[in-house]
Ligand code: GUN
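Numbering (our numbering), first residue to last: 1 to 288.
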């Protein structure tokens with residue numbers, strides 16, 4: 001039976017530290033502040049943004065909760081970002097993705113000042129990350145590396161296989177895992193990989209970030225591997241009041257029996273993403 005990686009408990013410890021740092025700043029008259037912008041009402045995005053705002057309040061930080069209609073123009077959003085860039089009371093700016101199709105995510109991300117880019121999505125942040133220079137690290141990949149370290153899962157010399165090449169998880173995670181202090185050998189599988197199970201079966205660390213419920217089955221996993229499930233999929237379930245149940249990208253019940261470690265969904269990677277975001281915000285506020 002796998003060791004269950006309790007992301008909620010590990011995230012709570014990170015958030016305790018963030019709360020103390022926030023307290024120190026507040027005593028000096030600085031209240032860390034994150035502006036969270038949500039355009040439209042995508043139900044998953046509404047839920048993520050609400051979670052981030054709750055975490056800000058719990059840490060004693062200030063949250064600017066900016067909810068805009070789906071019809072907001074790109075120019076309006078860019079003007080708002082320019083105003084937040086210029087506002088010295090705002091330390092971080094987060095635009096929840098995805099954006100409605102008439103708005104260019106690239107132009108919006110490019111508009112956020114790298115000093116306030118607590119998501120780590122700006123090309124300057126991505127460049128700094130790849131080069132190993134100081135800058136904000138993207139929250140989900142950074143949270144995954146944190147979990148591996150906290151659980152003392154051996155990464156040096158390990159073969160890490162990532163499923164998915166998104167800008168938010170797969171690509172930056174590959175970059176973090178090959179850093180010298182992590183020292184994994186990384187394979188990235190994507191929709192162009194003919195048979196990804198050839199790679200997953202060799203993985204000491206398997207990270208699934210594709211958004212397909214139950215895609216990874218027990219036969220694809222090497223016994224004893226660490227399995228990190230980034231998927232948060234809403235699967236219809238009429239027995240639930242919400243009408244859905246959250247499922248990861250891996251077949252948890254079967255893989256839990258053979259893996260060495262496994263993250264649950266929910267309660268694994270998700271809480272770490274928020275904790276790392278809070279850490280980035282307090283760091284932004286600490287930076288003169
Ligand atoms: N959409 C899915 N994950 C994220 C995230 O980490 N940050 C933002 N801004 N949008 C997202």
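For glycine and all other residues, C-beta sits at the position ideal for the given N, C-alpha and C.
Inset, instruction - Would you please state the rounded distance, in angstroms, between the beta carbons of residue 230 and residue 221? I believe it to be under 8 Å. - result: Not really, about 15 Å apart at Cβ, beyond 8 Å.
Inset, instruction - Taking only the alpha-carbon atoms, compute the straight-line gap between residue 125 and residue 34 and give it to the nearest angstrom. - result: If you take the alpha carbons of residue 125 and residue 34, they lie about 17 Å apart.
Legend entry - Whole alpha helix (DSSP H) elements within the stretch 97-180, 4-residue minimum: 105-111, 123-131, 139-150 and 170-177
Legend entry - 8 Å Cβ shell around residue 58 - same chain, five flanking residues per side excluded: 15 and 19
Inset, instruction - Look at the Cβ atom of residue 113, then the Cβ atom of residue 74, and state whether they are nearer than 9 Å. - result: The answer is no: Cβ separation not under 9 Å.
Inset, instruction - Report yes if the C-beta of residue 252 is less than 8 Å from at least one heavy atom of the ligand GUN; otherwise report no. - result: no
Legend entry - Of the residues 50, 193 and 180, the one placed nearest residue 156, counting alpha carbons only: 180
Inset, instruction - My understanding is that residue 11 touches residue 271, with C-beta atoms under 8 Å, so please give their C-beta distance in whole angstroms. - result: 4 Å
Inset, instruction - Tell me residue 35's beta-bridge partners as DSSP assigns them. - result: 64 and 93
Inset, instruction - With a threshold of 8 Å, establish whether the CB of residue 95 neighbours any heavy atom of the ligand GUN. - result: yes
Inset, instruction - Compute the minimum distance between the beta carbon of residue 98 and the heavy atoms of the ligand GUN, and state whether it is under 8 Å. - result: Under cutoff, so the answer is yes.
Legend entry - Buried/exposed call for residue 152, threshold 16 Cβ in 10 Å: exposed
Legend entry - Distance cut-off 8 Å: residue 101 Cβ against heavy atoms of the ligand GUN: Checking the Cβ of residue 101 against the ligand GUN gives no.
Inset, instruction - Return the chain-ordered list of same chain residues with a C-beta closer than 7 Å to the C-beta of residue 4, the five sequence neighbours on each side being excluded. - result: If we look at residue 4 and ignore the five residues flanking it on each side, its Cβ neighbours are 262 and 264.
Legend entry - CA nearest to the CA of residue 65, picked from 84, 218 and 79: 84
Inset, instruction - Verify whether the separation of the beta carbon atoms of residue 147 and residue 176 is less than 9 Å. - result: Result no, Cβ atoms of residue 147 and residue 176 do not sit closer than 9 Å.
Inset, instruction - Could you tell me the distance, in whole angstroms, from the CA atom of residue 26 to the CA atom of residue 78? - result: 30 Å
Inset, instruction - Report the rounded CA-to-CA distance for residue 218 versus residue 24, giving the unit in angstroms. - result: 47 Å
Legend entry - C-beta contact flag for residue 189 and residue 173 at 9 Å: no
Legend entry - Cutoff 6 Å; reference residue 234; Cβ partners in own chain excluding five residues on either side: 244
Inset, instruction - Inspect the beta-carbon positions of residue 56 and residue 37 and report whether they are closer than 9 Å. - result: Going by C-beta atoms, residue 56 is not nearer than 9 Å to residue 37.
Legend entry - residue 9 classed as buried or exposed, judged by whether at least 16 other C-beta atoms fall within 10 angstroms: exposed
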